[in-house]
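In the UniProt record's numbering, the protein residues as written are 1 to 179.
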């Protein structure tokens, strides 16, 4: 099989996609049941607050009681929306802010893939990994993450790969069951 060599300079979109993918991979893997439980709890709190608010309004309840019920409703909405909407938005906002203030520190990278190995090179880092030594590989719509250890990953924006190169990379990674 052939080898694939790609070079890239991370753009703001690449960096945001990288941070979002890192968060999504970690959050999804560790907390999938917790996320659903949180959303069920949020739904229950929301409904309880809504019922209490409706009862208070219909019975002419005090303003303080209505305020507490509104807080319950908002808390329920927060718990429902946090995992799927609020958390990714916060991660994206933090990534954009970091890139805007540290964009000049983003360095170009080169990755070379063969049938058995991955070579990563920047002006500050060089590593050579057999695919079997990678801890994990995570892929989403924009980024491929190559975990070299727990919580440590290098990323490859899919925009730098042609469709044929991406398919070849998938063949390489499937051969060692990393994707």
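For every residue, glycine included, the Cβ atom is placed at its ideal position computed from N, Cα and C. Just so you know, these numbers come straight off a predicted model, no measurement behind them.
Could you tell me how far apart the beta carbons of residue i and residue j are, in whole angstroms, since I believe they sit closer than 8 Å?
| i | j | result |
| --- | --- | --- |
| residue 21 | residue 138 | 6 Å |
| residue 69 | residue 53 | 4 Å |
| residue 86 | residue 45 | Their Cβ separation, rounded to whole angstroms, is 15 Å, which puts residue 86 and residue 45 out of contact at 8 Å. |
| residue 35 | residue 83 | 4 Å |
With 9 Å set as the bound, which would you pick, yes or no: does the beta-carbon of residue i sit closer than that to a beta-carbon of chain D?
| i | result |
| --- | --- |
| residue 148 | Annotation note: the requested chain D is absent from the structure, which comprises a single protein chain. |
Look at the Cβ atom of residue i, then the Cβ atom of residue j, and state whether they are nearer than 9 Å.
| i | j | result |
| --- | --- | --- |
| residue 172 | residue 147 | no |
| residue 109 | residue 10 | yes |
| residue 4 | residue 141 | no |
| residue 8 | residue 124 | no |
| residue 81 | residue 49 | no |
In this structure, how does DSSP classify residue i when only helix, strand and coil are distinguished?
| i | result |
| --- | --- |
| residue 124 | coil |
| residue 83 | helix |
| residue 35 | helix |
| residue 65 | helix |
| residue 142 | coil |
| residue 107 | coil |
| residue 7 | strand |
| residue 114 | coil |
| residue 91 | helix |
| residue 137 | strand |
| residue 156 | strand |
| residue 149 | strand |
With a threshold of 16 other CB atoms inside 10 Å of the CB of residue i, please say whether the residue is buried or exposed.
| i | result |
| --- | --- |
| residue 99 | buried |
| residue 37 | exposed |
| residue 95 | buried |
| residue 56 | buried |
| residue 76 | buried |
| residue 156 | buried |
| residue 134 | buried |
| residue 14 | buried |
| residue 145 | buried |
| residue 19 | buried |
| residue 150 | exposed |
| residue 143 | buried |
| residue 47 | exposed |
| residue 73 | buried |
| residue 58 | exposed |
Subject >> Cβ pair count under 8 Å reaching 3, the stretch 114-133 against the stretch 163-177 >> reply: Cβ pair count under 8 Å is three or more, so yes.
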